[in-house]
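K.L.:
Numbering (the working numbering), first residue to last: 271 to 403.
Pasting the structure below:
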């Protein structure tokens with residue numbers, strides 16, 4: 271897991287569970303006050319880099335069918351939809367879109383992480399001071 275900190279407050283978090291060489295995005299959350307400012311991009315870039323360093327070669331995740339913003343974020347990292355888990359979310363029975371990213375240990379993904387990290391580190395990210403473990 272990594273957290274994003276602004277002042278003395280945690281404003282975001284992201285975690286990946288690593289099972290042998292496959293990383294599963296467990297959770298991503300960003301405070302509403304700092305959404306759409308690159309916080310999730312920075313967090314995901316950090317947890318993906320950590321997982322690749324520990325041997326991840328691919329990643330998977332589930333995302334709410336209605337969460338188009340998150341799906342677009344994951345596409346920026348190279349994820350592609352591969353299926354649906356019907357009625358996955360217990361709170362309202364919403365379907366989950368299953369997304370995969372292959373070749374996470376290759377140079378193209380490393381380049382993508384560098385580019386996204388650079389773009390997310392601009393002053394437009396707002397008050398987030400650091401992403402920490």
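C-beta atoms are modelled at their ideal positions from N, C-alpha and C, and glycine is treated no differently.
These numbers come from a predicted model, not from an experiment.
Go through its chain and collect everything with a Cβ distance to residue 368's Cβ below 8 Å, but skip five positions before and after it.
P.N.:
Along the chain shown, one-based indexing puts residue 368 at 98. The beta carbon of residue 368 is closer than 8 Å to those of 330, 331, 332, 351, 352, 353, 354 and 355 in its chain, skipping five residues each way along the sequence.
K.L.:
Tell me whether residue 380 sits in a helix, a strand or coil according to DSSP, three-state version.
P.N.:
For this step, residue 380 is matched to residue 110 along the chain shown. If DSSP states are grouped into helix, strand and coil, residue 380 belongs with the helices.
K.L.:
Does DSSP put residue 329 in a helix, in a strand, or in coil?
P.N.:
The count along the chain shown starts at 1 and reaches residue 329 at position 59. Three-state DSSP puts residue 329 in a strand.
K.L.:
Between residue 318 and residue 374, what straight-line distance do the alpha-carbon atoms span, to the nearest angstrom?
P.N.:
Translated into the one-based positions of the chain shown, residue 318 becomes position 48. Translated into the one-based positions of the chain shown, residue 374 becomes position 104. In this structure, the straight-line span from the alpha carbon of residue 318 to that of residue 374 is close to 8 Å.
K.L.:
Look at the alpha carbon of residue 295 and the alpha carbon of residue 314, and state the distance between them as a whole number of angstroms.
P.N.:
To locate residue 295, count along the chain shown from 1; it is residue 25. To locate residue 314, count along the chain shown from 1; it is residue 44. Taking the straight line from one Cα to the other gives about 9 Å.
K.L.:
Under a three-way DSSP split, which group does residue 338 fall into?
P.N.:
Here residue 338 is taken as the residue at index 68 of the chain shown, counted from 1. In the three-state reduction of the DSSP assignment, residue 338 falls in the helix class, which pools H, G and I.
K.L.:
In or out: residue 383 buried (at least 16 other Cβ within 10 Å) or exposed?
P.N.:
By one-based count along the chain shown, residue 383 stands at place 113. So residue 383 counts as buried.
K.L.:
With DSSP as the reference, please indicate the residues paired to residue 366 in a beta bridge.
P.N.:
The residue given as residue 366 occupies position 96 in the chain shown. In the DSSP output, where bridge partners are listed per residue, residue 366 has 334 and 355.
K.L.:
Measuring CB to CB, does residue 282 end up less than 8 Å from residue 310?
P.N.:
Taking the first residue of the chain shown as position 1, residue 282 is located at position 12. Taking the first residue of the chain shown as position 1, residue 310 is located at position 40. Against a cut-off of 8 Å, the Cβ pair of residue 310 and residue 282 comes out as a contact.
K.L.:
Quick one: is residue 378 buried, meaning 16 or more other Cβ sit within 10 Å of its Cβ, or exposed?
P.N.:
Indexing the chain shown from 1 puts residue 378 at position 108. It counts as exposed.
K.L.:
What would DSSP say about residue 312, mapped onto helix, strand or coil?
P.N.:
One-based indexing of the chain shown puts residue 312 at position 42. DSSP places residue 312 in helix when its eight states are reduced to three.
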